[in-house]
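Have a look at the structure below, then the notes.
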Amino acid sequence: MSQKILPGSRISIDNLARELGVSQTPIREALSRLEAQGLVVKTHLIGFSAASQMDRARLDQLYELRLLLEPFAARKAAALMTPEQFEALKRMAREMANGMGGGRVSYSEFARLDSQFHDLIAQASGNDLVHETLANLHTHVHLFRLFHHQQATADANTEHADLLDALEARDVDRAERAMRVHVERSYGRFSSFFED
Numbered sequence: 035m036s037q038k039i040l041p042g043s044r045i046s047i048d049n050l051a052r053e054l055g056v057s058q059t060p061i062r063e064a065l066s067r068l069e070a071q072g073l074v075v076k077t078h079l080i081g082f083s084a085a086s087q088m089d090r091a092r093l094d095q096l097y098e099l100r101l102l103l104e105p106f107a108a109r110k111a112a113a114l115m116t117p118e119q120f121e122a123l124k125r126m127a128r129e130m131a132n133g134m135g136g137g138r139v140s141y142s143e144f145a146r147l148d149s150q151f152h153d154l155i156a157q158a159s160g161n162d163l164v165h166e167t168l169a170n171l172h173t174h175v176h177l178f179r180l181f182h183h184q185q186a187t188a189d190a191n192t193e194h195a196d197l198l199d200a201l202e203a204r205d206v207d208r209a210e211r212a213m214r215v216h217v218e219r220s221y222g223r224f225s226s227f228f229e230d
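With the first letter of the sequence shown counted as 1, position 123 gets the number 157 in this note's numbering; the numbers rise by one all the way through.
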């Protein structure tokens with residue numbers, strides 16, 4: 035996630051095992067899990083390497099899937115979310131917004147909180163498959179953001195506030211619409227990296 039291993043670089047199981055002071059077995063198991071998430075690639079007779087950086091086509095596909103799943107998750111969460119889950123969302127939104135004003139939250143911290151914010155909404159939807167799928171997608175969004183060092187914007191915080199208002203009101207239509215607008219605008223912010 036921190037990109038200490040650059041995209042496309044070979045990953046040495048032996049070196050990692052020595053560096054971490056563990057046997058090769060847990061390293062292989064971890065790499066297999068990362069392969070399942072698309073974060074590393076295994077090539078026959080060569081081994082593992084870090085996955086390539088996301089291209090425009092992959093970003094488009096990722097956001098198409100987010101637009102199918104996240105508005106649905108927000109709609110369900112508006113009806114099913116517990117008061118504790120809602121309070122946790124408000125706390126995360128406050129931390130992200132406070133960081134924008136006083137600069138106390140680094141962009142990597144903002145991205146981590148944003149990922150947790152979206153993950154909690156997916157979890158609150160009550161649909162485990164949607165939650166698992168979105169968790170995998172958010173890993174790729176997080177990596178893309180960190181690689182391009184995009185600055186967090188006040189727009190994202192405003193979009194989160196609109197979504198929180200809809201969730202608090204338990205307005206399923208408004209929650210679905212607010213999430214759709216947020217994901218579409220997020221796509222617009224990221225897709226600009228591919229424009230000439």
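Glycine is no exception: its CB is placed at the ideal position from the N, C-alpha and C atoms.
Per DSSP, the unbroken alpha helix (DSSP H) holding SER66 starts and ends at 58-70. As a beta-bridge residue in DSSP terms, SER83 pairs with ARG44 and VAL75. Annotation for ASP89: no alpha helix (DSSP H) segment contains it, and DSSP assigns it neither H nor E. Membership of PHE151 in the alpha helix (DSSP H) is indicated by the continuous run 141-158.
Taking a contact as a CB-CB distance under 8 Å, the pair ILE47 and SER83 does not count as one, their CB atoms being some 12 Å apart. Comparing alpha-carbon positions, the option among LYS38, SER57 and GLN157 lying closest to LEU168 turns out to be GLN157. ALA203 places its beta carbon 8 Å or farther from that of ALA111. Closest in C-alpha terms to ALA113, from the list THR77, SER142 and ASP205, comes ASP205. The stretch 213-227 and the stretch 187-200 touch, with no fewer than 3 CB-CB distances between them shorter than 8 Å. One alpha carbon belongs to ALA127, the other to ALA195, and they sit about 7 Å apart.
The three-state secondary structure of THR116, taken from DSSP, is coil. Counting other Cβ atoms within 10 Å of its Cβ, ASP199 stays below 16 and is therefore classed as exposed. Around the beta carbon of ILE155, 16 or more other beta carbons lie within 10 angstroms, which makes this residue buried.
Between LEU171 and PHE151 a beta carbon distance of about 14 Å is seen, past the 8 Å cut, so the two are scored as non-contacting. When DSSP states are grouped into helix, strand and coil, LYS124 belongs to the helix group.
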